[in-house]
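**Q** Structure below; questions to follow.
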Amino acid sequence: MSKQVAILGCGMHPWGKWGRNFVEYGVEAANQALAEAGLEWKDVGLVVGGDTMRNGYPGYVAGSTFAHALGGTGVPVVSTYGACATGAQAINVARAYILGGLCEVALVLGADAAPKGFFAPQGGERAADPDWLRFRLLGATNPVYFGLYARRRMALYGATERDFAQVKVKNSRHGLSNPKARYRKATTVEEVLASAMVSDPLRLLMICATSDGGAALVLSSMEYARRRTTHPVTIAGVSTVTPRYPDNVLDMPAFSTDSAAVVPSAGAPFKDTIARHAYEEAGIGPEDVDVAEVYDLSSALELDWYEHIGLCRHGEAERLLREGVTTIGGRVPVNPSGGLSCFGEAVPAQAIAQVCELAWQLSGKAGERQVAGAKVGVTANQGLFGHGSSVVVQR
Amino acid sequence: MAKVRKPAVEGWFTYDGEPALIGTRCQECNTFFFPKETHSCRNPACQGTSFEEVQLSTSGKLWSYTNNCYAPPPPYVAEDPFRPYALAAVELDREKMVVLGQVAHGFSTADLAVGMPMRLVVETLFEDEQTEYLVWKWKPARAGS
Numbered sequence: 001m002s003k004q005v006a007i008l009g010c011g012m013h014p015w016g017k018w019g020r021n022f023v024e025y026g027v028e029a030a031n032q033a034l035a036e037a038g039l040e041w042k043d044v045g046l047v048v049g050g051d052t053m054r055n056g057y058p059g060y061v062a063g064s065t066f067a068h069a070l071g072g073t074g075v076p077v078v079s080t081y082g083a084c085a086t087g088a089q090a091i092n093v094a095r096a097y098i099l100g101g102l103c104e105v106a107l108v109l110g111a112d113a114a115p116k117g118f119f120a121p122q123g124g125e126r127a128a129d130p131d132w133l134r135f136r137l138l139g140a141t142n143p144v145y146f147g148l149y150a151r152r153r154m155a156l157y158g159a160t161e162r163d164f165a166q167v168k169v170k171n172s173r174h175g176l177s178n179p180k181a182r183y184r185k186a187t188t189v190e191e192v193l194a195s196a197m198v199s200d201p202l203r204l205l206m207i208c209a210t211s212d213g214g215a216a217l218v219l220s221s222m223e224y225a226r227r228r229t230t231h232p233v234t235i236a237g238v239s240t241v242t243p244r245y246p247d248n249v250l251d252m253p254a255f256s257t258d259s260a261a262v263v264p265s266a267g268a269p270f271k272d273t274i275a276r277h278a279y280e281e282a283g284i285g286p287e288d289v290d291v292a293e294v295y296d297l298s299s300a301l302e303l304d305w306y307e308h309i310g311l312c313r314h315g316e317a318e319r320l321l322r323e324g325v326t327t328i329g330g331r332v333p334v335n336p337s338g339g340l341s342c343f344g345e346a347v348p349a350q351a352i353a354q355v356c357e358l359a360w361q362l363s364g365k366a367g368e369r370q371v372a373g374a375k376v377g378v379t380a381n382q383g384l385f386g387h388g389s390s391v392v393v394q395r
Numbered sequence: 396m397a398k399v400r401k402p403a404v405e406g407w408f409t410y411d412g413e414p415a416l417i418g419t420r421c422q423e424c425n426t427f428f429f430p431k432e433t434h435s436c437r438n439p440a441c442q443g444t445s446f447e448e449v450q451l452s453t454s455g456k457l458w459s460y461t462n463n464c465y466a467p468p469p470p471y472v473a474e475d476p477f478r479p480y481a482l483a484a485v486e487l488d489r490e491k492m493v494v495l496g497q498v499a500h501g502f503s504t505a506d507l508a509v510g511m512p513m514r515l516v517v518e519t520l521f522e523d524e525q526t527e528y529l530v531w532k533w534k535p536a537r538a539g540s
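First to last, the sequence lines map onto chains A and B. Take the first sequence: its letter number 315 is residue 315 in the numbering used here, and every next letter is one higher. Take the second sequence: its letter number 94 is residue 489 in the numbering used here, and every next letter is one higher.
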């Protein structure tokens, strides 16, 4: 039995700091995706909204908020949240409805209006919330965790600050012509290394910003898609896996890892299992991947992802980068969109935007940043509190 | 008059004499938890629901480190003017667990290297007019007291 669903249309409101209501970004993205699909709003049988935690109650019930804004058709809704993995959760719910025969066409969308600066926890005195306590007791911002990973990469694998800068240089070139990207400016290794240190060894230009943005996908059953197009782009695998005990890599927002004193470590670290699950669903392996969109919250993290998604073994990411394998024109371009480096993060939209980019790449619509002949793409990211997120897109 | 010394979070560490982090140990499978798990064991192979409090190892190896060059947002109570400080993730030998903490006052990332031995200390996190609020920190072990 086919477990695939079709991507009929994609849409994105450009990323930026626009200062408007997040609902507007979502509605614009939805209308673009419907137009690309050649469908109308009334054709949608399910809306899955990715929640935002930074825009009050409408953000917690994003499915209904977007459906209401698009016009009251009585459509069923679902709202999902998985931090940075929210989009993958939303896609997975829509896929389950479609594969279960509960609807033919689903609209998946997420949008955010983000505050400037460091992400901070929700307000109040919340001593039982580790996300509040990590700020209170340690000042452990997100870049602190990114800095720990980067420093460990340097110690274990000989990564250098120039490597981290080179990732930024690559992504800034990739994103130059992307009309949806917020930052479209080429940069140099020297400029990156001259920017202010934030969390050693990571500098300002190595860390992604927070952004406003919105992304949407129109998904359908394969039968429905075949009535409209001969060769649709499909979603062939979705991963929303969680860590196995004992998880022995320190992850946001935790104070500690699990203890491996009694139960030995499960083997593969959590992040290695994320894309693996999506590959298994799709019946492919990392050697089949032509293009990837991964979560470069920091430019050093992009190198971690090369290994986690299986493009190379642990410790080999710097070699891939230095040889140009992950640059457009190389064997497996990574973040042809420009990545978070050029977008900044709009949390509930980001994992959906990754899939939009791959769908455009696989259907030859990526313009100057086109990866020639791409047939298989994979996305990867991870949400706070142990949310895996990976989608395999095929044509 | 001397200020009252008080932990910034209740019941996570001892601070008189030799300080130590307070965790729990599942009485069924013996695995460790920090912060304390007191309700049900998170080892999926274990149904344990009773836990004993244990003091964790006070030394370990530096897993990785970084710093904050800018003041973190509230609820962190930042010094004014802000001074950058380092943070360390330390792997405890016995518990095979990595615990994050700030690095002791007077030490920066220049004093740190992955793999070096570290030990636990307790220092002031922030203070108000009456009270010094305490937190655990990591200090290079060879630095003495």
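For each residue, glycine too, the CB sits at the ideal point set by N, CA and C. All figures in this text were calculated on a predicted structure; none of them were measured in a lab.
Three or more C-beta pairs under 8 Å: does that hold for the segment 144-153 of chain A against the segment 87-97 of chain A?
**A** Verdict: no, contact absent.
**Q** Quick check: what's the CA-CA separation for PHE408(B) versus CYS208(A)?
**A** Going by the C-alpha atoms only, they are around 35 Å apart.
**Q** Under 9 Å between the Cβ atoms of ALA536(B) and PRO512(B)?
**A** A contact, by the Cβ cut-off of 9 Å.
**Q** Tell me which same chain residues have a C-beta within less than 7 Å of the C-beta of LEU34(A), skipping the five on either side of it?
**A** Cβ neighbours of LEU34(A) beyond the five flanking positions: GLY9, GLU40, TRP41 and VAL218.
**Q** Using the Cα positions of ALA282(A) and VAL44(A), report the straight-line distance between them to the nearest angstrom.
**A** Rounded to the nearest angstrom, the two C-alpha atoms are 26 Å apart.
**Q** For GLN497(B), write down the residues that DSSP places opposite it in a beta bridge.
**A** DSSP, once it has assigned bridges, lists LEU482(B) and LYS532(B) as partnering GLN497(B).
**Q** For ALA398(A), does the count of other Cβ atoms within 10 angstroms reach 16, so buried, or fall short, so exposed?
**A** With chain A represented from 1 up to 395, any question about residue 398(A) goes unanswered, as that position is not in the structure.
**Q** Does the segment 74-83 of chain A come close enough to the segment 307-317 of chain A to have 3 or more Cβ pairs within less than 8 Å?
**A** Flag = no, the segment 74-83 of chain A and the segment 307-317 of chain A do not touch.
**Q** For THR188(A), which residues from the same chain have a beta carbon less than 7 Å from its beta carbon, with the 5 sequence-adjacent residues on both sides left out?
**A** Same-chain partners within the cutoff: VAL169.
**Q** So, does the CB of GLU490(B) fall closer than 9 Å to a CB anywhere in chain A?
**A** Chain A, which has a Cβ nearer than 9 Å to the Cβ of GLU490(B), makes this yes.
**Q** Rounded to whole angstroms, what is the Cα-Cα separation between ARG420(B) and TYR306(A)?
**A** Cα to Cα, ARG420(B) sits roughly 37 Å from TYR306(A).
**Q** Below 6 Å CB to CB, which residues in the same chain sit around ARG395(A) once its five sequence neighbours on both sides are set aside?
**A** Taken in chain order, the residues that qualify are VAL233, LEU362 and LYS375.
**Q** Please report whether the beta-carbon of MET1(A) lies at a distance below 9 Å from any beta-carbon of chain B.
**A** Only weak support is given to the placement of MET1(A): the predicted model assigns it a pLDDT of 41, under 50, and the value that follows is read from those uncertain coordinates. Chain B contact via Cβ: absent.
**Q** What are the start and end residues of each continuous beta strand (DSSP E) run of 3 or more residues lying completely inside the segment 451-480 of chain B, in chain order?
**A** Counting whole runs of 3 or more residues, the segment 451-480 of chain B contains the beta strand (DSSP E) stretches 454-463.
**Q** Which one of GLY117(A), THR160(A), ALA261(A) and GLU28(A) has the shortest CA to CA distance from ARG489(B)?
**A** Nearest of GLY117(A), THR160(A), ALA261(A) and GLU28(A) to ARG489(B), Cα basis: ALA261(A).
**Q** Taking just the CA atoms, how far does VAL517(B) sit from TYR528(B)?
**A** For TYR528(B) and VAL517(B), the distance between alpha carbons rounds to 10 Å.
**Q** Taking the alpha helix (DSSP H) that ASP272(A) falls in, what are its first and last residues?
**A** Element bounds for ASP272(A): 270-282.
**Q** Mind listing which residues of the segment 493-514 of chain B have their C-beta closer than 8 Å to chain A's C-betas, in chain order?
**A** Here the close residues are VAL493, VAL494, LEU495, GLY496, GLN497, THR504, ALA508, VAL509 and GLY510.
**Q** Report the partner residues of PRO446(B) according to the DSSP bridge assignment.
**A** Residue identity check: residue 446(B) is Phe in the sequence provided, not Pro. According to DSSP, PHE446(B) bridges with CYS421(B).
**Q** Going by C-alpha distance, which of THR210(A), ARG331(A) and LEU109(A) is nearest GLN32(A)?
**A** Among THR210(A), ARG331(A) and LEU109(A), the Cα nearest to that of GLN32(A) is on LEU109(A).
**Q** Name the residue from ASN335(A), THR257(A) and PHE255(A) whose alpha carbon lies nearest to the alpha carbon of VAL289(A).
**A** Closest option to VAL289(A), Cα to Cα, is ASN335(A).
**Q** Decide if THR229(A) is buried, meaning its Cβ has at least 16 other Cβ atoms within 10 Å, or exposed.
**A** Counting Cβ neighbours within 10 Å, THR229(A) comes out exposed, since fewer than 16 surround it.
**Q** If distances are taken between C-alpha atoms only, which option among ASN381(A), MET154(A), VAL391(A) and ALA278(A) comes closest to LEU358(A)?
**A** Of ASN381(A), MET154(A), VAL391(A) and ALA278(A), the residue nearest in Cα terms is VAL391(A).
**Q** Any idea what DSSP makes of PRO512(B), helix, strand or coil?
**A** In this structure, PRO512(B) counts as strand in the three-state DSSP scheme.
**Q** Can you tell me the Cβ-Cβ gap for THR242(A) and PHE119(A), rounded? I've got them flagged as a contact below 8 Å.
**A** No, THR242(A) and PHE119(A) are not in contact; Cβ-Cβ is about 21 Å, not under 8 Å.
**Q** Could you tell me if GLN4(A) is buried or exposed, where buried requires 16 or more neighbouring beta carbons within 10 angstroms of its beta carbon?
**A** Counting Cβ neighbours within 10 Å, GLN4(A) comes out buried, since at least 16 surround it.
**Q** Could you check if PRO115(A) is buried or exposed, using at least 16 other CB atoms within 10 Å of its CB as the buried criterion?
**A** Result: exposed.
**Q** Does the beta carbon of THR453(B) sit closer than 9 Å to a beta carbon anywhere in chain A?
**A** Not one chain A Cβ lies under 9 Å of THR453(B).
**Q** In whole angstroms, what separates the C-alpha of VAL48(A) from that of LEU311(A)?
**A** Whole-angstrom Cα-Cα distance: 31 Å.
**Q** Can a CB atom of chain A be found closer than 9 Å to the CB of PHE446(B)?
**A** Cβ-Cβ to chain A under 9 Å: no for PHE446(B).
**Q** Comparing alpha-carbon positions, which option in ARG276(A), TYR25(A), ASN381(A) and ALA196(A) lies nearest VAL355(A)?
**A** Considering only alpha carbons, the answer is ASN381(A).
**Q** Can you round the beta-carbon distance between LEU321(A) and VAL167(A) to whole angstroms, since I take them to be within the 8 Å contact cut?
**A** Their Cβ separation, rounded to whole angstroms, is 6 Å, which keeps LEU321(A) and VAL167(A) in contact under 8 Å.
**Q** Is it the case that the Cβ atoms of VAL498(B) and GLY455(B) are separated by a distance below 9 Å?
**A** No; because the gap between Cβ atoms is not below 9 Å, this pair is not in contact.
**Q** Note down, in chain order, every chain A residue with its Cβ under 8 Å from the Cβ of ALA440(B).
**A** Here the neighbours are VAL263.
**Q** On the premise that LEU520(B) lies in contact with ALA403(B), defined as a C-beta separation below 8 Å, what is that separation, rounded to the nearest angstrom?
**A** The pair is a contact, with the Cβ atoms about 5 Å apart (cut-off 8 Å).
**Q** Given GLY82(A), which residues of its chain have a CB within under 6 Å of its CB, disregarding the five upstream and five downstream residues?
**A** Contacts found: GLN89, GLY383 and HIS387.
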